[in-house]
Each structure stands twice: as structure tokens, then as C-alpha cells.
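K.L.:
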Amino acid sequence: PRALFIASGALVLVGFIPAMPFFPFFILALALAVGGFIKSRTKVLEAKKLAEAEEAKVEIPEERIEAFLHPDPFEIEIGYGLISLVDTAQGGDLLGRISSIRKNIALELGVVIPPIRLRDNINLGANEYIFKVHGITVARGEVMVGYYLVLNPDPEAGLVGIETVEPTFNLPALWVSEEQKTKAEAAGYTVVEPAVVIATHLMEVLKSHAYKLLDRQEVQKMLDDLKEEKAAVVEGLTPDILPLGVIQQILRNLLREGIPIRNLVTILETMADYAHITKDVDTLTEH
7 PRALFIASGA
17 LVLVGFIPAM
27 PFFPFFILAL
37 ALAVGGFIKS
47 RTKVLEAKKL
57 AEAEEAKVEI
67 PEERIEAFLH
77 PDPFEIEIGY
87 GLISLVDTAQ
97 GGDLLGRISS
107 IRKNIALELG
117 VVIPPIRLRD
127 NINLGANEYI
137 FKVHGITVAR
147 GEVMVGYYLV
157 LNPDPEAGLV
167 GIETVEPTFN
177 LPALWVSEEQ
187 KTKAEAAGYT
197 VVEPAVVIAT
207 HLMEVLKSHA
217 YKLLDRQEVQ
227 KMLDDLKEEK
237 AAVVEGLTPD
247 ILPLGVIQQI
257 LRNLLREGIP
267 IRNLVTILET
277 MADYAHITKD
287 VDTLTEH
């Protein structure tokens, strides 16, 4: 269409040249202009129809809605000021610490913590973080990137910093600069980095909420793994004597009381011994 309009304009200009017949050129220019308009209009209509067809194909993916209906077992949300702590390109090592914590808890308590989702949350303060279990906030804290936390400092020590409370054990603390950090270490104080503060807090929260993360699927996996080596122990207990749900409740009770379940063989054998006497979950837990 553009070429037709240009040609039409050129013919009109030629018609104004002296000794050139105006009307023949004008008629031809008019014909080209009309042709260009019709062709342009056709392309606009075709583009509109194509856009409408593409728009009709757009569907909202159902997975995005379902993600809100099924929260992760454990989540960490951080403010934008803490993103550098998880960005390895900026020297962040929090992700590596989280992986180590999951391994340590498995060795200490005998329960595998499910993968932890970490995301930023613009609704949080820049230095704030929260821990969630099944979508419910169970703990929160604040750290200052670029500073160091001095634990339980003596007011007479002369350290200059920002007063705060250590989030894990609620100890008085002080956020200090690099220079003050050196002074605090020389005075014998415990000084930790922001990522260590979050990791320590996470470790304690996971320990105290591990029982909430032990679902039936994980218990079944534990039994299946054990059955490969100790088939008689598992087959002698479930499903005939105790159902999976009762075993899960007993294991949860033990974790809630801070008792590791690493020695699963002994725990299951004890269940089998006393299950003939009672099926009460609390009584079996005590044994």
C-alpha cells in the first residue's frame, strides 16, 4: 500500500510540470490512491482478525492457581535487601548453608526435611525474613547486610553499632561495621555474619517444627527403605498391628518432644511389643 501511495503522489507532481497533461496523470494518481487505500484496509482487517483469533487461544494456566492452594511444606521469604545473601554471584552462601542444615537434621533427628523453597517478598521490610510451615508464618527476624552481629556485648565495651535482639535465642546484640567487628573479636565477643544469623535461626526452627513436616508419604518411604534390610521388623508391625497413620502420629510425638527417630528399628519393635496391649497413641509414645 505504501508504494501505491508514493506512486500516486509522484504522478500528481508530474501533472503540475509545465507542458504535461494534468488530468490524465491526476486520474491515474487517483486510481493508485484508491487501490492503496483498499489494500491497506484489507490488511488492517486481516490483522484484526488474526489478533482476535490469537486472543481467543489465550488460557490462564491452572497450575498457577493450584500453587496457591498447595503451599510448600517449608518456605523462607526474604526482603529485597537480603537477596545478595542467596546470590552466589555476589558471594552469597545462604543456599549452601540451607543444604547443610537439612543434612545435619537428618543425621541428628532421623527425619528428612523436604526441599525448602526460598523466595523474595516485596511486602517484607528490606532486611526482614520469615519462615513458613505449610503456608503459616512460624518465625521471623531481621539482619543487616554489610554489618556483623556482636552477641551479648557489654555496654562498657565501647562498641558503636545498632542495638538489636538476636532472633534465635533472644539475646541482646549489636550490629557493627567491619572496623567495630575487629575490635569486638579482639575483646573476645562472638561475632557472626548475617547469613549465619539466618542459618542458626533456621536450624532451631526446623528442629522445633520437624514433626509438622513428617507426612505419611515420608513415613511410608522410611518403612519401605527399612524393609529392604529389616523386612521382619516392618512386616511384623504394619499394616496388621498398627496402621500407617498411627505410626506417623507416634513418630511425630517423639519429634515434638525432641526425641530423635534415627533408631527406627528399636522404635518399631517397641511399638509391636506394646501394640498388643494398647492402641493408644500417647501410651505407645511413652513406651
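Position 37 of the sequence shown, counting from 1, maps to 43 under my numbering, and the rest follow consecutively. All C-beta atoms, glycine included, are put in the ideal place defined by N, C-alpha and C.
1. Flag this pair as yes or no: are the beta carbons of Ala216 and Leu115 separated by less than 8 Å?
2. Using the three-state DSSP reduction, which class does Ile122 fall into: helix, strand or coil?
3. How many angstroms separate the CA atom of Asp246 from the CA atom of Leu113?
4. To which residues does DSSP link Phe137 through a beta bridge?
5. How far does the beta strand (DSSP E) with Ile104 in it reach, from first residue to last?
6. Among the residues of its own chain, which have a CB less than 6 Å from the CB of Glu148, if the five just before and after it don't count?
7. Where does Ala201 land, buried or exposed, given buried means 16+ other C-beta within 10 angstroms?
8. Could you round the C-beta distance between Pro161 and Ala190 to whole angstroms and report it? I think they count as a contact, below 8 Å.
9. I'd like to check one pair, Ile256 with Leu290: are the Cβ atoms closer than 8 Å?
10. For His76, is the classification buried or exposed, using 16 other Cβ atoms within 10 angstroms of its Cβ as the cut-off for buried?
11. Given a cut-off of 8 Å, decide if Tyr195 and Val166 are closer than it, judged by their beta-carbon atoms.
12. Please state if the CB of Leu130 and the CB of Gly102 are separated by a distance shorter than 8 Å.
13. Quick check on Tyr154: does DSSP put it in helix, strand or coil?
14. Is it buried or exposed for Gln254, if we count other Cβ within 10 angstroms and need 16 for buried?
15. Keeping to the same chain, check which residues put their C-beta closer than 6 Å to that of Ile136; ignore five residues upstream and five downstream.
16. Can you check which of these residues, Leu124, Leu232, Leu261, is closest to Asp93 by C-alpha distance?
17. What does Thr170 pair with, by DSSP beta-bridge criteria?
18. Check whether the Cβ atoms of Val197 and Lys187 lie closer than 8 Å to each other.
19. Distance check for Ile267 and Glu69, CA to CA, integer angstroms please.
20. Can you list, in chain order, the residues of its chain with a C-beta nearer than 6 Å to that of Asp286? Leave out the 5 residues immediately preceding and following it.
21. Scan the region 206-255 and note each continuous alpha helix (DSSP H) run of 4 residues or more that stays entirely inside, going in chain order.
22. How would you write the range of the alpha helix (DSSP H) that Asp288 sits in, first residue to last?
23. Which word fits Glu234, buried or exposed, when buried means at least 16 other C-beta atoms lie within 10 angstroms of its C-beta?
24. Give the range of the alpha helix (DSSP H) segment to which Tyr280 is assigned.
P.N.:
The short version:
1. yes
2. coil
3. Computed Cα separation, rounded: 30 Å.
4. Residue pairing by DSSP puts Phe137 in a beta bridge opposite Ile82, Ala145.
5. Unbroken run through Ile104 is the alpha helix (DSSP H), 100-115; no beta strand (DSSP E).
6. Asn133, Glu134
7. buried
8. The Cβ separation is near 13 Å, so there is no contact.
9. yes
10. exposed
11. Cβ atoms of Val166 and Tyr195: not closer than 8 Å.
12. no
13. In the structure shown, Tyr154 falls within a strand segment according to DSSP collapsed to helix, strand and coil.
14. buried
15. Glu83, Thr143, Arg146
16. It is Leu124 whose Cα lies nearest to the Cα of Asp93.
17. Ala179
18. yes
19. Its pLDDT being 46, under 50, Glu69 is placed unreliably in this model, and the value from its coordinates should be taken loosely. Computed Cα separation, rounded: 36 Å.
20. none
21. Listed in chain order, they are 222-233, 237-241.
22. 287-292
23. exposed
24. 270-281
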